[in-house]
Structures are given as C-alpha cells and as structure tokens.
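Structure first, then comments.
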Amino acid sequence: MEKVVKSWDAAIFRAKRSWPEPFEFAESAWSSLGDQTHGESSERKKPWPLLDEQRRRTEPRWNRDDGSTKQEEPKMTSSTFALTGDSAHNHAVVYWSGQNSSVILILTKLYDFHLGSVTESTLWRSTDYGTTYEKLNDRVGTKTVLSYLYVCPMNKRKILVLTDPEFESSILISSDEGATYQKYRLSFYVLSLLFHPIQEDWALAYSHDQKLYSSVDFGRRWQLVHAAVTPNRFYWSVSGLDVEPDLVHLEANTADGHCIPLPSTGVQYVTCRAQSCSSEAHHQHPFSGYIERDSLVVQDDYMFIQVTSAGRAWYYVSYKREPFARIKLPKYSLPKDMHIISTDEGQVFAAVQEWNQNDTYNIYISDPQGIHFTLALENVRASRGLGGNSLIDLYEVEGIKGMLIANRKLENQVKTFITYNKGRDWRLLQAPNTDQEGNSIHCVLPFCSLHLQLQMSENPYLSGNIITKSSAPGVIVATGNIGPELSYNNVGMYISSDAGNSWRQIFEEEHNVWFLDKGGALMAVKQPTVPTRDLWVSFDEGRQWDRHSFSMVPLFVDGVLVEPGIDKQIMTFFGHFSHRSEWQLIKIDYKSLFSKRCTDGDYQTWHLHNQGEPCVMGQKQIYLKRRAASNCMLGPGYNRVLSSEPCTCRAHDFECDYGYERRGDGNCSPSFWFNPSIVSRSCSQGQNYLNTTGYRRVAANNCTKGVNDMYMARRQTCPNRPPRGLQLRTSEGKLTAALHSNVTFLVQLEEGDSMRTHIQLDFGDGTAVSYSNLTWAEEGIKHVYRSAGIFLVTVLAENEMGADSTSLHLHVTCEVEHVQLLAPFVVIQNKEVNLTAVVWPSRSRTLTYFWWLGNSSEPIITLDGSISHTFTRGGMNTVAVQVSSANSILQDTKTIVVQEFFKSLLLSFSPNLDEVNPDIPEWRQDVGRVIKKALLQVVDIPESHLLVAVFPGIPTAAELFLLPSKNQSAGRRKKEEELEEISEVLVSALNQNLVEFELRPAFRIIVYITQLTSAPLVDSLPRHSSSAMLMLLSVVFLGLAVFLIYKFKRKIPWINMDAEVNHEKEQEMINTVNDTAPPKVTLSDLPTQKEMMEKELECRIKRSMVNSCESTREIPNCTSV
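Laid out in structure tokens, this is it:
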C-alpha cells in the first residue's frame, strides 16, 4: 500500500519527501525549492533530460490583437544575473531561505550520466532578493563537490549541505542562512532527510545501505536508529497522538532468531524513541505480525498497513493509535492495490484497484475511524509518474471544502466529473458557450462537455495542468479540451471564477499559471519548451490579460520562484538564453503593477453555489473578491470568507452507509452480500448500539436538523444472540510457524456477544487455554510449540444461546541442519534396493523428499524418508535426495555401482590405526585410497576390480568389493572364475599379513581379513536348487552369528563407496571383529533398519559436537562374506 495524494498531490507528495532535495532537471529543467513542508523528507532521484524536439516547438500563437491588451504599462522592474562559469553545469537546486527573507541560495552541479555522480559544483548566495549573487566555493572548500542542499522547515536560517560521497562523505552546517559553514564528517551516505515537525534540530537520515540514523543537534552527531529500514517508510511522531515527541514509526526488516530466517519480503511495523532505538529491548510492535513491504503509512490521525494471506491483500487501519482493525471494503471488491489519497477532515479517501481493473481505480471514502469504506466513484483514470508511482486523476480543489474533480473512464472514453459533496454526487463539466474569440460553441451534455488534465508538474516551480489556491476560493485554472472525451490534442487553457459552475477559455495553447498577491492576480508564461521574453498578468480572474516583457532576450523558462507572503512582491525567473549559455536569474519586482492598497470599496461579494444551490456541504458561504476594475493590492489582513451559516439537512447531505448501495430511485438498499441484522460482537446484552438506517452524513458536512434524525443511526438495545461466524487465523495470516517461535492466534466473531461468550482454544499439542469472554483474546493468544509437526488447532465459542467452532492445521517446522543419503555402494542389477534419507534433527510429517534417480528429469516426491528402487542399467548410477523443510532445501548425492554379481570381504586393521582415526568422511576417503593402493602392490590385478569402503566408528573397519571384469567378450562363467581367483589371492595375502601401509613415517598399519567363511558370489540369476536354499540358510545363520558378535560394538547402516567413485559425500559404513561373546538376542529384539540409521546419524552428529556418543554397528545387508 502506497501513500498517493491525488494526481495533483502525488507529485507534491514526492516533493514533500524531497523538500530538502528539490527536483532536479537536466539543462533547462530546473529543480528549485523554497517553502518546505514540515516534517517531510527528501529522497534523491536521478535527473532526466529534456527532449530536444520539445525545445524546437514554435512560438505559441495568440488569437488576439496586441491592441486589445495594455502594452508595457505600467512597467515592471527587472534585473538579470548570470552565474558565470557554470555553463557546463546541467543541474541546479534553488532555495529561497524563508518567508520575507532576502536570501536566495543556488547550488549548480555538473552531473555525469556515465559515472552516475556529480563531478563539479558551485554554491551561490544572494542577500538582495536575487539582484546579485556571491560564489561561496571558497567558504565550503574549493575542491569540495556538493550534491544536495537542505533548509530546515522550522527555522530556515539553518541549512545543511551534503558533499558528494564519491569524493568525501561530509555535511556542511550553517546557522546564518548560508553565510558561514562548519564541516562534519559522516560515516554513511545520506539518501534522504526527514526533519522533525516541531523540533528544529531533530532529523532522521536514511543511508544508502538502508540504515536509519537520528540527530538531535542538527546533523553534528548521528546515532543509529535501525539497521534495516524500508526506503521512505519512516515517520516522526504526530503531535497530540504520540506521547513521546522523539518517537519514530518505521517499517523494518527484523530477525526473530529462531529456526527459520524471515523471508526477504517479511517486515514489521516498529516504533521506538530516536535516541534509544538501537536495542531491540526498546522496540514496540503496534501490529504483532509481519506486514507487506512499502505498506506502512502514518498520516494525521491514521496509520495503515497491508498483510497478504492466501494470495489476498488485507488492509488494516489504526485510528488515533487504537489497536489495528481490518479495513472493510465492499465484500467482493477484492483489491489488487490500494493507495491512501487523503486523510483530511476526519475521513480517508482511498484509491482501490480491484481484481478486474488495470488502468483505473475505484475511489472509496471511509467513516471517521477509517474502517468502513463506501464507493464514491468507479473507474477513475490512473497513470504512472516518472518515479514509477501511481498518479490518480483525482484533484481536490483548494479553498472549497468537499469539492473534487476526477477523470473517469466510461466505455473506453475518459470524461471529467466534478463533485461538491465529497463524492456523493458527480456531474460533467459544462463547456463554455463561446471560445476565446467570442465564437459560439455548440456542446450539449452529456454528449459533449469540458474535460481537464489533472496532472501536476513534476517540477513544483512550474504550475502543471491545473492550479487552485486556498487564498483564491472558486478560481480554477486548467488545461483542457471540449468534446466527447479527454484529449491531449487541440487543448487550451480554461478558467472558472465560480467554483466550476461556468468556464471561460483564456489561452489557445498551454501556459504555466501562478497566483500573485495572495491569489488576487494571475500570471501566465508560455510552456518552457519554447523561449519567451513576455509574461501575462490578469487582475480580473482571467478576463483581461496585460503583457509585460521581463527580458530583452527570449529565455527558456525553467522555473519561477514566487515567495509567498513577501511584502516586496518579488519573483525570480530561472532559465537559459540558449542550450549552452550560463544560468540566467531574472529578478522581477511587480509591485508597480498595483495602483494602491485595496479598501472596502474595492471588494464585492460572491456566493458559493452548486448550479444555483446555495447549500454546499451543509452550509451557505459568502466570500469577498476584488472588483474586476480595481488594480489594488490585497492587504496583509485580507480574509476571503465573509460569512458562513449552516443549512437544514436534506437527502443530498447523506451518503450510503457501509453495506448499502444507491439504487436508481436514489435510495440506499442493502447489498446482496450484506446482512443488516448483524450486530457488532462488542455489543453486550443490556448495552445500547447504533443501528444504521443505511445512511451516514457526509464527513465535514455542517447541516443541522431537517432530515437528520430520519437518516442518522438509531440507538437500540443489544439483543442476546448465539456466536456465529467464528474465525481463527494466525496474526501473520500463514499456516506455518517456526519451531520455538511465538505464534499468535487471532479469534474473531462476526456476530455474537463477545462479553458473554466463552472461548476455548486447543493448540493441538496437548495444551489448551480458555477465556471467560472474547475480549480477553482481542490482542491475540500466544503459544510456543516445542516440537515440529502438523497440529490441529481448534477454537470453540459458546454462550447460553448456542455455540460455534472452527479449526485450522498449523505446520510447525524447523530447518533441517543435515541430511544423509544411506544407500549401498554396490547393488545387483534388476533387484530392488532400499534408499533412505536420514535428517537431523528428525522432524516427522513436516518434510518433503525429492528423489532424483539415475538420469531421470522428474523427481519422485514422497513424504517418507525411504524409497525402494530397482536399477536396470549397469555401471555407475547417481542418486540424489533433496529434503525440503520450511524455507530451506538440503541435498545429498551418492553414486552406486550396479553389477550383475560381485563379491566382498570384510577387513580389519592393527589397533594403532584407531589412534589416528578422527572419524570423519574425508579421512575415510583418503584411507580407502591408501588401502586400495596397498592391495594392488601385493596382487597383480586390474584396479577396476577393487572398491574399498571404510566404515565410520571405532575400531576401524572396511569392506573390500570385488567387481567383475568390464570385458564384454568374456562370458559370465569366465568372469566368475576370475573373481574367485582374485578372491583367493587376496585372502591368501591378507591371511599372511602381506598387506600393509604407512600413514606417516614409522607408523605402519597391517590389514587383516575378518575370520569369516566366504560365501558364494552375489548375483542376479534365480537359483531354485536345494543347494542354493541350503547356501541361503547358511548365509542367514552366518549373518546372525556375526551380528551377535559385533552388535554392541558397531552399527553399520549401509555400505558406502570408496572415494574412487567420486561421490560428493562418502557413505558411512562400519564393521569389526570382537572376541567378546555377546548376550543372546532374539530376532524380535533387532531394531528396524530406519531406526538404526537414524540413531547412527544422530550419534555421529552429536559426536562431532561433544564426542560423547558411542556408535553401534550392524552387518551391512549387501555384503556377502
């Protein structure tokens, strides 16, 4: 959710946040600032070039004779000053120090678009209203490159100037309107500043690395507020609402310190005091859950946030710092986007883009609390500004309460509408009867009307397409066209002197228009795309214009700086004579245009009305205006409003309440989705509540009596009723939570007596809580889960009238720290084999396993950590498992040798090997290669026949795999015979202690064969003879005997391949010999294969941390010995 202040105010809002950073323009696009708005910050933006073809436009054509205007009389006085030596500088920042001050500051810069930085700068200062300027580079440092200039809004004598961080990071401070400066070093690069609305020395600075700093001595010292803040989402306290004046509202990234790190989009709304915010202990969270990035808005009495749940956006509001409540739009509006337009006069205007809209928004208006919104106008046109922000074609007329102008899209045509009662009623604009030359215009409503462009200028010192002023109520000047729809061709300038009831054309081409003399006079200048030497002034609201020359040479006008309220009637023009000329500053004193000070006889009355209806927003208002024939100057105490009196309330003073829609007959009826009989859950038996009639008075409407009692809500007694519409959700709107984190459950009732309704919440983990009434749980019910899993959370609400219940399934997860794929090193082709993934810590029911087998492009997905698979292709096969938990995925990979048959031998070593066994995979890989090398030195066999796997644990053991030859021409029988011969040679060498190796000098290790009788080859051929059955039984009994011997010494979950197979992480396998007779064990006492694997993995991980867990071992199931 973004704060957008109408199309007219959207640009102003950017200016407000960048008042210290005036708008910057390339060449003849100026950036100048004077009157800063209190408490707003500056965010730097890249400048943009002015297109050459824009400058080549021809001089505007004037459809009037020069004799029809007063030529050059009376004359204005002007003076021109050139900023010598700055012709190469393509940017400038201009400030008038303050009201009634004679000081003007100008910072010119050379911005290198290729480097993206400022390479030169010059600071100029004038103390005589712009007649002359002094270069101040020697006072700030001749080699110092300045980037931005800021003026304190509360005391404009105080000025901050920043250096460009490409050269140095410093701040220059002046307390005498820029006459002298003190330099202070900065440890960060300032992107934007936000001054305190009351304390002149307090400021917040936002850095390039998203850190927020605070200063209480006007920038001399800075203290970190928070290390991760969203750009432009930080606000000072609001006087009258926040108790502490140094309170800061900010949208911050926060870390919870639990198993799962926050997602990149997870932020929280945090408040803290500026000078004690670095510690999390001082942080407050007005909203307990996470919010959407760029959604926090703190404005006037309201605070807004956005939360996304199940793919839908939900918006919350806090009114006068009360707990956040969900904003209620019409049920099926289903917003995609929402912007806060205005919070004036105790009401919220919001622009909502609904699910079926792309380039339009609907305008909604709220009740005083900002919770219940009703539709004001559909399909208002929207566009994107230069900064990418949304510009809504909605303009609030200054000086007239409740008056707005909007461009609405109807049947692919954009038309301009106007309202006088805050959106309750809208109508088209009546076009003028004649054009500028007096020719009749045939334009009949509703087929033809006047349409206005409602965009404000990106440069605040050019007027833009529409302009009004609170000191000149009823006067509207805008660019527009006449026809069936809004067009950007054949446009002209139009003015209304009676608040939009009637319009006149004043120019045939676009002009910039400013109000002079507190709105008593108008000044117009051609668009800056063509050079001009003339300006036009009107004293009768645009009926007559006098032309005055302000320069001998035509000037590309880049901006006009008019100091509001100054007694000397001075304005300054900025621009260039040509594209390569120096900056020209022309000071104009227009006081001589006025003949005298206005007296009572120079004024006339004007009654505000809406097409003859004198009651506007429930009151009759009469204003004073200067007579058209008077060229007098308005006095400093001039007051526009002469009188104001309330009107009797009538139907048009009321709009439809929430859940109601206006029908064709003008009456408000319930929407199909709304049940008007629902009573608020806060309404308890014996109390009273306001029952709506379907209407509510328009906010800020001042009408009295009349139909007020008929339409206003009526007070009734709260009925006793059963709970209905019980809702249960987490504060974050998610169905997942991190293990050991604080989960907040929110319980809400659509209908029922919350004070008399008992609540019982079962967390699903064996614990539950109950409350005597729902009000105790309004801020949420917190719970911490101590184990991972999926929990059924159930809530029951009941009272003497009935009960209601609901539930949700909450997934409590924790990151997997380690995963190991347990798989045999060698398997028989076309025979099923088990693959198991063991994770630490073990979390059942919350993990998803992705199995990638062989060259398959699609994984097998399971919720269990084991899978059976048959390998049909011989040779090397890669197996990978990915374990998904919470927001993380871990993977382990193994390479398995698939053969038709193979043989294996169990190996043991001299005891001194255990002294140097660190029991880590890397050591086992290296020792496996050494063992293989030692074997090859005593027997003359091909290297490809051998595979060695060293088992984990102490004492050290290994398994030697004998693989058949890869010779395709040799038959199976011959391969079997070769394998038997190799086995006999190896057994003989091992029995004679001929196999040994040296790990370091004088540290020799002897390799032994475990004293077991060899079994026949393991193969894939079916054998059904009695000898085969006897052999199989012998293998079973032999395996059981080995298990009884070694059970309490080792645990061998699987067989792993040696490092020669180049797998990523060696499988951990162990085997050993123990002469100690084990206790008798029955088959039923044997643990399952998965239990043994999990226990082994847990043991190894714990051993790596504390070395306090002994391993147990088991005979590998793929070994034939």
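Quick note on numbering: numbering that gives the first Met the number 0 labels position 187 of the sequence shown as 186, and the sequence is numbered without any gaps. Quick reminder that beta carbons are idealized off the backbone N, C-alpha and C, glycines included. Keep in mind the model is a prediction, meaning the values are calculated, not measured.
Where the beta strand (DSSP E) containing S855 begins and where it ends:
No beta strand (DSSP E) holds S855; DSSP gives it neither H nor E.
Mind checking which residues open and close the beta strand (DSSP E) that includes Q936?
Premise fails: Q936 lies in the alpha helix (DSSP H), P920 to V937, not in any beta strand (DSSP E).
Identify, in the order they occur along the chain, each residue of the same chain with its Cβ nearer than 7 Å to the Cβ of P553, setting aside the five sequence neighbours on each side.
Excluding five sequence positions before and after P553, the CB atoms of its chain that fall closer than 7 Å to its own CB belong to P530, T531 and R532, given in chain order.
For L889, the three-state DSSP class (helix, strand or coil):
L889 carries a strand assignment under DSSP once its states are collapsed to helix, strand and coil.
Report the option in Y110, S116, D137 and L106 whose CA atom is closest to the CA atom of L1162.
For residue 1162 there is no data in the structure shown, the boundaries of the chain being 0 and 1120.
Helix, strand or coil for M1122? Go by DSSP, reduced to three states.
Residue 1122 lies beyond the range of the chain shown here (0 to 1120); nothing can be said about it.
Which listed residue (Y419, V706 and S86) has its alpha carbon closest to that of P613
Of Y419, V706 and S86, the residue nearest in Cα terms is Y419.
Cβ neighbour criterion (16 or more within 10 Å) applied to Q715:
Counting other Cβ atoms within 10 Å of its Cβ, Q715 stays below 16 and is therefore classed as exposed.
Would you identify the three-state DSSP class for N355, choosing helix, strand or coil?
Secondary structure at N355: coil, using DSSP grouped into helix, strand and coil.
Tell me, which residues are paired with Q283 by DSSP?
According to DSSP, Q283 bridges with T270.
Suppose contacts are defined by Cβ-Cβ distances below 8 Å. Is L934 in contact with V994 by that definition?
For the pair L934 and V994, the CB atoms are nearer than the 8 Å cut-off.
Express the C-alpha separation of Y770 and A776 in angstroms, rounding to a whole number.
Between the C-alpha atoms of A776 and Y770 there is a straight-line separation of about 7 Å.
Per DSSP, what are the beta-bridge partners of C682 in this structure?
Answer is none; C682 lacks a bridge partner.
Run through the DSSP bridge pairs and tell me what E133 is partnered with.
Within the DSSP bridge table, the entry for E133 names R124 as partners.
When DSSP labels each residue in this structure, what does M616 get in the three-state scheme?
Coil.
Could you tell me the distance, in whole angstroms, from the CA atom of F790 to the CA atom of S146?
Rounded to the nearest angstrom, the two C-alpha atoms are 57 Å apart.
Between the alpha carbons of F538 and V474, how many angstroms are there, rounded?
Each residue's Cα considered, the two are about 12 Å apart.
Among K182, A885, W313 and V224, which residue has its Cα nearest to the Cα of H281?
The residue with the shortest Cα to Cα distance from H281 is V224.
List in chain order: all unbroken beta strand (DSSP E) runs of 3+ residues lying wholly within the segment 641-708.
Whole beta strand (DSSP E) segments, 3+ residues: 653-655, 659-661, 667-669, 687-690 and 694-696.
Per DSSP, the bridge partner or partners of G801:
Under DSSP, the beta-bridge partners assigned to G801 are N798.
Indicate whether G617 and N700 have their beta-carbon atoms separated by less than 8 Å.
A distance below 8 Å separates the beta carbons of G617 and N700.
When S856, L633 and G558 are compared against S594, the one with the closest alpha-carbon
Closest by alpha carbon: L633.
Can you list, in chain order, the residues of its chain with a C-beta nearer than 6 Å to that of N378? Leave out the 5 residues immediately preceding and following it.
Once the five neighbours on either side are set aside, the close Cβ partners of N378 are T359, R407 and K408.
Is it buried or exposed for S31, if we count other Cβ within 10 angstroms and need 16 for buried?
Low local confidence applies: a pLDDT of 35 at S31 is under 50, so the model's placement there is unreliable, with the coordinate-based value given in what follows. Flag for S31 reads buried.
When you compare only the Cα positions, how much space is there between P1000 and K893?
P1000 and K893: Cα-Cα distance of roughly 34 Å.
So, with DSSP's three-state summary, where would you put T571?
Of the three classes helix, strand and coil, the one that applies to T571 here is strand, per DSSP.
Do you know how far the Cα of I326 is from the Cα of T1087?
For T1087, the pLDDT reaches just 48, beneath the cut-off of 50, and the residue's location in the model is therefore unreliable, leaving the point undetermined.
Any idea if Q610 is buried or exposed, counting beta-carbon neighbours within 10 angstroms, 16 or more meaning buried?
Exposed.
Extent of the continuous alpha helix (DSSP H) to which N833 belongs:
Run containing N833: none in the alpha helix (DSSP H); it sits in the beta strand (DSSP E), E831 to W839.
Neighbour-count burial assignment, P917, 16 or more Cβ in a 10 Å radius:
Answer is exposed; the Cβ neighbour count stays below 16.
With the cut-off set at 8 Å, would you say L773 and L748 are in Cβ contact?
In this structure, L773 sits near L748, with a CB-CB distance shorter than 8 Å.
Our contact map puts A381 next to I362 with C-beta atoms below 8 Å; I'd like the distance itself, whole angstroms only.
Contact doesn't hold; Cβ gap of about 11 Å is too wide.
Classify D939 as buried or exposed, calling it buried when 16 or more other Cβ atoms lie within 10 Å of its own Cβ.
Here D939 is exposed, its C-beta having fewer than 16 other C-beta atoms within 10 Å.
Could you work out which residue in R649, H808, G788 and P645 is closest to M709 when comparing CA atoms only?
Between M709 and the set R649, H808, G788 and P645, the nearest pair of CA atoms involves R649.
Indicate whether H207 and Y183 have their beta-carbon atoms separated by less than 8 Å.
No, the Cβ-Cβ distance between H207 and Y183 is not below 8 Å.
Going by beta-carbon coordinates alone, are L449 and I481 separated by less than 8 Å?
In contact: L449 and I481 (Cβ atoms closer than 8 Å).
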